[in-house]
Structure formats: structure tokens, C-alpha cells
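*Asks:* Quick one: structure below, then a few questions.
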Amino acid sequence: MAPPIEQQPSAHTGAEDPAGRTILDGEAAERVLRRIAHEALETRHPNAELALIGIRTGGDYLAQRLVELITQISGTRPPLGLLDITLYRDDLGERADQPELRETLIPFDIAGKDVLLVDDVLFTGRTIRAALNALMDFGRPDRVRLAVLVDRGHRELPIRPDIVGKNIPTERADRVRVRFTGDHHVSRVVLHPGGQP
45 MAPPIEQQPS
55 AHTGAEDPAG
65 RTILDGEAAE
75 RVLRRIAHEA
85 LETRHPNAEL
95 ALIGIRTGGD
105 YLAQRLVELI
115 TQISGTRPPL
125 GLLDITLYRD
135 DLGERADQPE
145 LRETLIPFDI
155 AGKDVLLVDD
165 VLFTGRTIRA
175 ALNALMDFGR
185 PDRVRLAVLV
195 DRGHRELPIR
205 PDIVGKNIPT
215 ERADRVRVRF
225 TGDHHVSRVV
235 LHPGGQP
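Taken in order, the sequence shown gives residues 45 to 241; the numbers are from this note's numbering.
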């Protein structure tokens, strides 16, 4: 069993969002995650073990919660991994700030697994492209699927999730933030219009 993910300060945690509009509260987000867990089980590959890998940060907390839900539903705990994509980003050389590296922890062989890659918000698709590149350095899974809590559109790459919690139409300049409690539950999903933080 993988160790629990420690809550770390990130863009995904913090104070109330007075300027944003809450799209999902904690209760609604939990219902959505339960539906994602059911769909992950219903659509899993029949001849491969299901494994979840969360993209840091945000997807890692969701992946841990999904593992808990899948375990409750099926009685079997799938392996859990955490993936840091920082060094695989295509904008790494363009960033003025020093990127924060986080640990990648995949304590199992992904070869032959039915990997469910988990992220909180799907936007341009560039994070997922980086995650796929990073993941292939760990082996060749039987299949990789993508589950996201929120798909906000505006794709720049031909990437589409297999499991979507909620589609949220946005303007390109908007920001969607998923806020977490200290025990990796979603407290709310907030839409900030026009690029507000």
C-alpha cells in the first residue's frame, strides 16, 4: 500500500475565494468523484490490473481519494502513484521563476497495467502531454486512460479525457481552481473570471 500523500501548500489550497464563483461544493465534488470511481471500475481493462497515477499537484490528491472510493466499492485497493511532470513541461525554458520539483513516486511496475492518469483540471492538454512523456520513462502500460474532475475546454493539443467529472465552459482568460481540505477531499471548485488568481 502506498503511503498517504501529505498535504503541501500549492496553488490548489488556501483561503476562501471571495472573487470567484463556486462551481462545485465539497458535497457535489464527492458525488462526482464517486461517479468517476464507478466509471473507472466499469471501463477497466478485463485482463490488466487497474492502477492510478495522480499528476502533481491536484491530481495527486484526487487520485488518493479515488483509490479510497474504488477500494470501498470493489473491495480491492488499486496501486497508487504520484507523477511530477515539471522537467517534461514544454514551457520550462520560458519560465522566469525556478520551478518547484516534487517527488515522483510510482512504487509498482506499470508494465501491463491499466493506468488511470488523474488530474484536477484539463485545459490546454499540455500538462497531460508532459505526463504521458514522463510516464513512458517508467515502462509500457497495457493502456493509459485519463480522468479529470473538470474539463474547461480550450485544448491546444489533440487530447481528450476518457472520464470527466464535470464540463465547465470557460473563457480562455478564466481560472478554475480546485481547493482541497487537509485530508485530500475537495472542499470546492472555484471559477475566477478574467484571469483573477
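By construction, the Cβ of each residue, glycine as well, lies at the ideal position given by its N, Cα and C atoms.
Indicate whether Ile212 and Val222 have their beta-carbon atoms separated by less than 8 Å.
*Replies:* No.
*Asks:* Looking at the unbroken beta strand (DSSP E) that takes in Thr214, where does it start and where does it end?
*Replies:* Premise fails: Thr214 is in no beta strand (DSSP E) and is neither H nor E.
*Asks:* Which residues bound the beta strand (DSSP E) around Arg187?
*Replies:* First-last of the beta strand (DSSP E) with Arg187: Arg187 to Asp195.
*Asks:* Can you check which of these residues, Arg189, Val230, Ile129 and Met180, is closest to Arg78 by C-alpha distance?
*Replies:* Ranking the options by Cα distance to Arg78, first place goes to Val230.
*Asks:* Using the three-state DSSP reduction, which class does His82 fall into: helix, strand or coil?
*Replies:* DSSP places His82 in helix when its eight states are reduced to three.
*Asks:* Exposed or buried, what is Asp69 when buried is set at 16 or more other beta-carbons lying within 10 Å of its beta-carbon?
*Replies:* It is exposed - the Cβ of Asp69 has fewer than 16 other Cβ atoms within 10 Å.
*Asks:* Start and end of the alpha helix (DSSP H) containing Ile117?
*Replies:* Segment Gly103 to Ser118, the alpha helix (DSSP H) holding Ile117.
*Asks:* Given that a residue counts as buried once 16 or more other Cβ atoms are within 10 Å of its Cβ, and exposed if not, what is Pro123?
*Replies:* Buried.
*Asks:* Give me the Cα-Cα distance between Arg184 and Leu193, rounded to the nearest whole angstrom.
*Replies:* Those two C-alpha atoms are separated by around 25 Å.
*Asks:* State the DSSP-derived secondary structure class of Ile172, mapped to helix, strand or coil.
*Replies:* The answer is helix: DSSP assigns Ile172 an H, G or I state.
*Asks:* Helix, strand or coil for Ala63? Go by DSSP, reduced to three states.
*Replies:* The answer is coil: DSSP assigns Ala63 none of H, G, I, E or B.
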